[in-house]
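Colleague:
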Amino acid sequence: MLIPPKYNHIEIEKKWYSYWMKNNLFKSIPNDKEPFTIVIPPPNVTGLLHMGHMLNNTLQDILVRRARMLGKNACWVPGTDHASIATEAKVVENLKKKGINKTDISRDEFLKHAWDWTDKYGGGILDQLKKLGCSCDWDRTKFTLDDDMYESVIKAFEILHKKGLIYRGHRMINWDPEAKTTVSDEEVNYIEEDSSLYYIRYLIEDSNIDLEIATTRPETIFGDTAICVNPNDDRYKEIIGKNAIVPICNRKVPIISDNYVDLEFGTGCLKVTPAHDINDYNLGIKHNLETIDIFNEDATLNIHGMHYMGKDRFTVRNEIEAELKKNNLLIKKENYIHNIGRSERTNAVIEPRLSKQWFLKMNDITKPAIDNVLKDENIKFFPSKFKSTYKYWLENIKDWNISRQLSWGHQIPVFYYGDNEDYVVAMNKEHALKKINNFETGKKYKEADLTQDNDVLDTWFSSWLWPISVFDGIRNPDNDEIKYYYPTQDLVTGPDIIFFWVARMIISGYEFRNEKPFSNVYFTGIVRDKLRRKMSKQLGNSPDAIKLIEEYGADSVRVGLMLSSAAGNDLLFDESLCQQGKNFTNKLWNALKLINGWEIDQKKTQPIENKLALEWYNSKFNNTLELIDKNFDSYRISDVLMSSYKLIWDDFCSWLLEILKPGYGDKIDKKSKTELIELFEKNLKILHPFMPFLTEEIYHNIPNSNNSNPLTTSPWPSKENYNISIVEEFETSKEIISQIRNYRKEKNISFKTSLDLYFIPNDNQLNNIEIIKKIAIIDKLEESTKENFDMVTSFIIKNFEFFIPLEDGFDKASEINKLKKELDYNKGFLKSVENKLKNENFVNNAPDTVVEKEKQKIKDAEQKIESIKKSIAELS
RNA sequence: GGGCGCUUAGCUCAGUUGGUUUAGAGCACCUCGUUUACACCGAGGGGGUCGGGGGUUCGAAUCCCUCAGCGCCCACCA
């Protein structure tokens with residue numbers, strides 16, 4: 003079989019992905035095997051693959067592929083999210099370009115545009131995931147607005163409403179006047195911005211005292227319904243209970259007192275505008291104040307704004323400043339820096355607004371989510387530090403505002419009838435009609451009498467059902483799929499959506515199925531650039547994911563991402579990581595070429611060093627496998643890769659292959675090659691979750707490999723018993739060989755020149771040349787004493803003394819110097835251990851095993867010192 | 001303002017309940033090397049006393065206190 007000199011990732015990745023798909027290797031249906039399920043965090047349907055997706059999905063693929071190899075029924079459910087706000091914003095923007103205003107078209111017309119947009123740009127991200135090698139069961143692909151998914155969301159609303167958990171309330175919400183929608187607290191960014199603090203004069207009724215009031219929002223005076231001072235403020239005690247006159251509109255408002263007001267800030271006087279400030283709203287409720295809403299939906303002033311009606315709030319701010327100044331009501335204006343809330347999506351300044359919204363009561367349904375994560379650890383977080391964040395949020399949870407003033411999404415299944423305050427919750431109009439007409443009122447309603455609520459549900463209200471709804475567990479709670487696949491095993495996601503999504507899925511899991519949605523949550527960090535900056539379009543520091551795959555190959559990119567991504571840690575991405583991954587693929591490819599190049603000599607018997615080396619690597623492999631399995635179980639994925647990387651690069655390639663490598667013109671014995679290939683195949687298996695394409699390709703190029711089955715579905719190596727002492731002994735061998743290499747380097751002796759190595763028999767040591775030879779893996783080693791040679795250089799390893807005879811060019815002084823240095827080191831070491839043992843407290847208090855270890859150290863060090871001294875004496 | 005966390009080689013990080021030699025890894029760096037798998041390589045090497053200070057202990061990178069610096073989350077003061 004001819005192996006190409008270079009690994010062609012483009013061709014080979016295409017080949018194997020279509021092979022896997024054609025043979026349905028990622029397909030899962032319920033069977034009698036243990037299920038292993040992951041639901042993908044559904045990316046935005048019209049989004050494009052970025053580094054964060056790559057990291058996240060590579061991790062999921064690694065977990066899924068390993069589970070598959072462990073013989074589990076692995077099921078990775080892919081899908082996309084409709085992402086109401088983001089998608090609707092894009093569609094609106096796109097329509098604007100075409101000269102269409104969203105407000106000018108009907109809901110149905112708008113939805114048609116949105117679907118066209120989705121059909122055109124949607125789902126591309128899933129194809130990109132295939133390029134990355136993701137082994138999802140693509141037949142299961144879901145979209146949150148698919149009919150069945152849609153119905154599940156509505157059904158969930160119905161269930162919760164029936165339980166009395168959903169209510170309609172008046173709330174101060176964050177209003178985005180540009181998108182004309184509410185945004186959740188989490189979607190508002192507070193940014194320090196330059197602003198002004200206006201000091202405005204308010205007159206007091208029946209008094210000649212003026213009040214100075216500081217505000218950042220003079221345009222809201224039309225909504226003022228009180229003036230508030232601190233009850234302990236001596237400056238204002240006398241005027242409490244009187245009325246103040248609001249400038250320009252000349253309305254009388256009461257002067258009230260409340261501890262909320264800060265004596266130090268501004269003038270200690272606060273104008274209260276309950277309709278437009280959350281704190282004022284709370285004051286309004288407390289003091290039973292009137293609420294005057296002065297804004298229209300787009301934050302222009304309404305009729306209460308008098309002559310400013312129809313003008314934008316910021317325009318009014320400027321104009322009112324002028325009017326106040328003209329009337330001598332503006333005392334001063336100061337520069338002022340404060341936090342201004344802006345919509346994450348449109349960047350519009352958020353307007354606090356009183357609005358009718360749908361809410362989900364959270365307090366009643368969070369208990370299992372708290373207990374099962376924090377008390378019982380039925381759900382584990384990796385890293386566990388995120389439990390504190392989770393805990394804090396759940397223990398301070400507020401009711402969830404689930405309605406959004408958008409069209410793209412699941413329309414709220416509430417149908418108003420009669421005087422428009424009565425409503426029913428139903429899957430559709432038909433059901434709704436049936437429901438009301440069943441009432442005892444006797445009144446018969448027609449379809450035309452019903453109006454569905456115009457709002458849609460928060461996107462997260464569909465996402466929080468995802469692990470259940472993808473298996474249709476909301477509509478059909480007893481179906482075979484949900485019973486088999488739920489609860490799922492792992493969730494891989496970012497800590498930034500721990501509240502939005504993770505916590506809510508846990509809540510919904512217990513609420514709808516009385517069972518956790520997943521057992522383990524792996525939190526990935528944020529992918530940043532080398533300078534720790536977030537990847538962003540503006541900075542242009544975000545690499546094109548697909549280009550990276552094309553340039554380096556999917557395997558290399560996957561390895562690059564995994565090399566430095568401990569759970570929860572941010573990943574400082576740099577292309578050099580992909581290069582490192584590519585170097586590794588090259589290394590493996592070349593190992594294949596090397597092994598394939600070795601011809602077999604059928605008659606040759608296995609040399610002892612081959613036997614020893616293979617035995618050693620087998621032990622080393624199993625020793626590492628043990629560690630790998632352990633690290634997999636604790637989700638230390640980058641540690642797993644690192645151990646495999648070192649095992650294969652250093653132990654397999656640099657040591658094992660170098661020992662087995664036949665000499666010039668030589669061939670390898672059959673036994674060695676057969677055993678070697680077995681080990682090589684095992685290497686491929688542990689690497690397969692990380693580098694699926696390369697390993698699959700190599701696997702099918704191994705000579706003598708009888709296995710025509712794909713690696714993807716081959717069994718994970720089972721842990722065999724191994725002898726740890728073999729592994730340890732080999733470390734000694736490595737040391738001996740390293741010493742010889744050092745010696746060659748020091749003396750500038752080429753590798754072509756062979757050296758004789760001798761071993762000094764020592765009665766106190768294991769005095770068996772065979773054992774020493776075994777340890778040294780060097781069959782030229784002979785037993786001798788230094789007296790037989792004029793000059794030697796010696797080294798001591800694990801209390802065995804070895805030496806190499808010297809012929810000429812021997813620098814006695816430097817040799818002695820070298821030994822003296824070693825002597826000093828050992829003496830220093832000895833002294834530190836001796837001091838420890840001299841300390842009576844240590845000897846008396848430390849456990850016996852620890853003391854014993856220290857004593858042994860002394861013995862070893864003393865012996866070594868003796869040997870070195872002897873060598874020095876001999877040279878002098 | 002409230003809460004959580006971090007500070008170990010040039011960089012990114014390990015370091016499990018305090019005790020395997022005088023702290024590890026990968027990358028980077030330096031030196032040497034074209035021996036027919038690989039220069040996308042090989043061999044070798046330098047480099048940290050674990051942010052500062054104090055304490056507990058026979059013993060601390062590991063526990064406690066304190067100072068300094070950094071980061072994240074929540075709330076957001078007219």
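Just so we're on the same page, this note's numbering is the position in the first sequence counted from 1, plus 2.
Glycine included, C-beta positions come from ideal geometry on N, C-alpha and C.
Quantities reported herein were computed from a predicted structural model and do not represent experimental measurements.
What distance in whole Å lies between the Cβ atoms of R70 and T1, which are believed to be in contact at a cut-off of 8 Å?
Modeller: With the chain represented from 3 up to 878, any question about residue 1 goes unanswered, as that position is not in the structure.
Colleague: Identify whether H340 lies in helix, strand or coil by the three-state DSSP scheme.
Modeller: Taking the first residue of the first sequence as 1, we reach residue 340 at position 338. Three-state result, H340: strand.
Colleague: Run through the DSSP bridge pairs and tell me what R253 is partnered with.
Modeller: Here the question's residue 253 lines up with position 251 in the first sequence. V248.
Colleague: Report the rounded CA-to-CA distance for N322 versus E353, giving the unit in angstroms.
Modeller: The residue given as residue 322 occupies position 320 in the first sequence. The residue given as residue 353 occupies position 351 in the first sequence. The identity of residue 322 in the sequence shown is Ile, whereas the question assumes Asn. Straight-line Cα distance between these residues: approximately 19 Å.
Colleague: Use the C-beta contact count for I500: other C-beta atoms within 10 angstroms, 16 or more gives buried, fewer gives exposed.
Modeller: Here residue 500 corresponds to residue number 498 of the first sequence, with the count starting at 1. Under this definition I500 is a buried residue.
Colleague: Given N380, which residues of its chain have a CB within under 7 Å of its CB, disregarding the five upstream and five downstream residues?
Modeller: Stepping through the first sequence from its first residue, residue 380 is reached at position 378. The residues are N374, K518.
Colleague: With 16 other CB atoms within 10 Å as the buried threshold, where does V852 fall?
Modeller: Within the first sequence, the letter at position 850 stands for residue 852. Looking at its Cβ environment, which holds fewer than 16 other Cβ atoms inside 10 Å, V852 is exposed.
Colleague: Within the segment 613-657, note down every full alpha helix (DSSP H) run reaching 4 residues or more, in order along the chain.
Modeller: Runs of the alpha helix (DSSP H) inside the segment 613-657: 639-648.
Colleague: Between which two residues does the beta strand (DSSP E) containing L205 stretch?
Modeller: The residue you call residue 205 lines up with position 203 of the first sequence. Taken as a continuous stretch (DSSP letters only), the beta strand (DSSP E) holding L205 covers 190-206.
Colleague: Using the beta-carbon count (16 or more within 10 Å), is G411 buried or exposed?
Modeller: As a first step, residue 411 is located in the first sequence; it is residue number 409 there, counting from the start. G411 should be labelled buried.
Colleague: By Cβ distance, which residues of its chain are closer than 7 Å to D226, with the 5 residues on each side in sequence left out?
Modeller: Taking the first sequence and counting its residues from 1, the one referred to as residue 226 is at position 224. Around D226: V248, V255, K273, V274, T275.
Colleague: Using 8 Å as the Cβ pair cut-off and three pairs as the minimum, do the segment 36-54 and the segment 12-20 touch?
Modeller: Touching, no, given that fewer than three Cβ pairs across the two stretches are closer than 8 Å.
Colleague: Name the residue from I339, M23, R344 whose alpha carbon lies nearest to the alpha carbon of T183.
Modeller: Taking the first sequence and counting its residues from 1, the one referred to as residue 183 is at position 181. Ranking I339, M23, R344 by Cα distance to T183 puts R344 first.
Colleague: Please state the DSSP three-state secondary structure of N290.
Modeller: Taking the first sequence and counting its residues from 1, one reaches residue 290 at position 288. DSSP places N290 in coil when its eight states are reduced to three.
Colleague: Going by CA-CA distance only, name the one from L696, K829, E160, D758 that's closest to K17.
Modeller: One-based indexing of the first sequence puts residue 17 at position 15. Cα-wise, what sits closest to K17 is L696.
Colleague: Taking the Cβ atom as the reference point for each residue, do I161 and M429 lie within a distance shorter than 7 Å?
Modeller: Here residue 161 corresponds to residue number 159 of the first sequence, with the count starting at 1. Here residue 429 corresponds to residue number 427 of the first sequence, with the count starting at 1. Cβ distance not < 7 Å, so I161 and M429 don't count as in contact.
Colleague: By the 10 Å Cβ neighbour count, where 16 or more other Cβ atoms means buried, how is Y19 classified, buried or exposed?
Modeller: Taking the first residue of the first sequence as 1, we reach residue 19 at position 17. Classification for Y19: buried.
Colleague: Rounded to the nearest angstrom, how far is the Cβ of E824 from that of I762, given a contact under 8 Å?
Modeller: Residue mapping note: residue 824 aligns to position 822 of the first sequence, counting from 1. Residue mapping note: residue 762 aligns to position 760 of the first sequence, counting from 1. 17 Å between Cβ atoms; not a contact.
Colleague: Quick check on F159: buried or exposed, where buried means 16 or more other Cβ atoms within 10 Å of its Cβ?
Modeller: Indexing the first sequence from 1 puts residue 159 at position 157. F159 is buried by the Cβ-count criterion.
Colleague: Taking the alpha carbon of S521 as the point to measure from, which residue in D635, I860, I818 has its own alpha carbon closest?
Modeller: Locating residue 521 in the first sequence gives position 519, counting from the first residue. Answer by Cα proximity: D635.
Colleague: Determine whether the beta carbon atoms of I399 and T368 lie at a separation below 7 Å.
Modeller: On the first sequence, residue 399 is found 397 positions in, with the first residue counted as 1. On the first sequence, residue 368 is found 366 positions in, with the first residue counted as 1. It is a contact, given that the beta carbons lie within the stated cut-off.
Colleague: According to DSSP, is I229 part of a helix, a strand, or is it coil?
Modeller: Working through the first sequence from its first residue, we reach residue 229 at position 227. I229 falls in the strand class under three-state DSSP.
Colleague: My output table needs one value for T348: the three-state DSSP class, helix, strand or coil.
Modeller: Taking the first sequence and counting its residues from 1, the one referred to as residue 348 is at position 346. T348 falls in the coil class under three-state DSSP.
Colleague: Would you mind reading off the limits of the beta strand (DSSP E) that contains I211?
Modeller: If you number the first sequence from 1, residue 211 lands on position 209. Neither: I211 is in no beta strand (DSSP E) and is coded neither H nor E.
Colleague: Mark G81 as exposed unless 16 or more other C-beta atoms lie within 10 angstroms of its C-beta, in which case mark it buried.
Modeller: As a first step, residue 81 must be located in the first sequence, where it is residue number 79. G81 should be labelled buried.
Colleague: For C271, which residues does DSSP report across the bridge?
Modeller: Working through the first sequence from its first residue, we reach residue 271 at position 269. Answer is V231, bridged to C271.
Colleague: Could you check the C-alpha separation between Q767 and K866 for me, to the nearest Å?
Modeller: For this step, residue 767 is matched to residue 765 along the first sequence. For this step, residue 866 is matched to residue 864 along the first sequence. Unreliable positioning characterises Q767 in this predicted model, as indicated by a pLDDT of 48, which lies under 50. The coordinate reading is nonetheless provided below. Straight-line Cα distance between these residues: approximately 12 Å.
Colleague: Compute the beta-carbon to beta-carbon distance between M564 and F654, rounded to the nearest angstrom, for a pair I have assumed lies under 8 Å.
Modeller: Here residue 564 is taken as the residue at index 562 of the first sequence, counted from 1. Here residue 654 is taken as the residue at index 652 of the first sequence, counted from 1. So it is not a contact: roughly 19 Å between Cβ atoms.
Colleague: Measure the alpha-carbon distance for L550 versus V529 and round it to whole angstroms.
Modeller: Translated into positions along the first sequence, residue 550 becomes position 548. Translated into positions along the first sequence, residue 529 becomes position 527. Approximately 15 Å, taken between the alpha carbons.
Colleague: With 16 as the cutoff for other CB atoms within 10 Å, does A301 come out buried or exposed?
Modeller: Against the first sequence, residue 301 aligns to sequence position 299. Buried.
Colleague: Looking at the secondary structure, which residues open and close the beta strand (DSSP E) in which G171 lies?
Modeller: Counted from its first residue, the first sequence places residue 171 at position 169. Per DSSP, G171 belongs to the beta strand (DSSP E) from 168-178.
Colleague: Measuring CB to CB, does K313 end up less than 7 Å from S198?
Modeller: As a working note, residue 313 is residue 311 in the first sequence. As a working note, residue 198 is residue 196 in the first sequence. Against a cut-off of 7 Å, the Cβ pair of S198 and K313 comes out as no contact.
Colleague: Using three-state DSSP, classify K436 as helix, strand or coil.
Modeller: As a position in the first sequence, residue 436 is number 434, starting the count at 1. Three-state result, K436: helix.
Colleague: Just curious, the beta strand (DSSP E) that R912 is in, first and last residue?
Modeller: For the chain, the structure presents residues 3 to 878; residue 912 sits outside this window and is missing.
Colleague: Below 7 Å CB to CB, which residues in the same chain sit around K584 once its five sequence neighbours on both sides are set aside?
Modeller: To locate residue 584, count along the first sequence from 1; it is residue 582. Result list for K584: Y554, G555, S558, in chain order.
Colleague: Give the DSSP-derived three-state secondary structure of W462 in the structure shown.
Modeller: Here the question's residue 462 lines up with position 460 in the first sequence. Three-state result, W462: helix.
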